[in-house]
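Step one of this worksheet: look at the structure below.
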Amino acid sequence: MTIQTVGDEKVLEQIEKQLHKLVDVLRVSELGQGAHVEREIMLVKIQASGYGREEVKRNTEIFRGQIIDVTPTLYTVQLAGTSDKLDAFLASLRDVAKIVEVARSGVVGLSRGDKIMR
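Residues 14 to 131 (our numbering) are what the sequence shown spells out, left to right.
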C-alpha cells in the first residue's frame, strides 16, 4: 500500500504509528527523504469523433500511452506516469474529446538505487 500525504514530522510519525497497528504491515518507509520514483496508472474512456479521434490517438502517442480498447465512438487509453503527466494528458483532450470515465490507481513509489525495503 502506498500513501501520499503532507505534514510535519509529528503528523508523519502519527501516520506511521497508525499504520503499524495494521496486522499485515511489515515495514513503513518514508520515501520523501531520499531519491525515489513515483508513478500512477490511469485508465480513461474517451468519446470522440472525426478530428477528435485523431487527436486522441496523437496525444496518446505523445504521452506514451496505449489505446487498449476501441469502439466506433470510444477509446480506452492506459497511461502511466507522474500525477502531473496524467493531469496534463486529460487537459490536452478537453477541447477535442469528451472524457467519459477515469480510473486512477493512486501514487506508488520505490526508492532509487541500492536502497531496498526489507
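Positions of the beta carbon are idealized from the N, C-alpha and C atoms, including for glycine.
Does the Cβ-Cβ distance between residue i and residue j come in under 7 Å?
i, j, result
"I81", "V69", "no"
"L123", "V50", "yes"
"V120", "V57", "no"
"A93", "R52", "yes"
Once DSSP output is grouped into helix, strand and coil, what is the label at residue i?
i, result
"L35", "coil"
"V109", "coil"
"T86", "coil"
"A93", "strand"
"G122", "strand"
"V19", "coil"
"E51", "strand"
"R71", "helix"
"V24", "helix"
Between the Cα of residue i and the Cα atoms of the options, which residue gives the shortest distance?
i, options, result
"S96", "A48, H33, I54, D37", "I54"
Distance, Cα to Cα, residue i vs residue j?
i, j, result
"Q91", "S118", "11 Å"
"A61", "R107", "11 Å"
"A110", "G65", "6 Å"
"T18", "G45", "10 Å"
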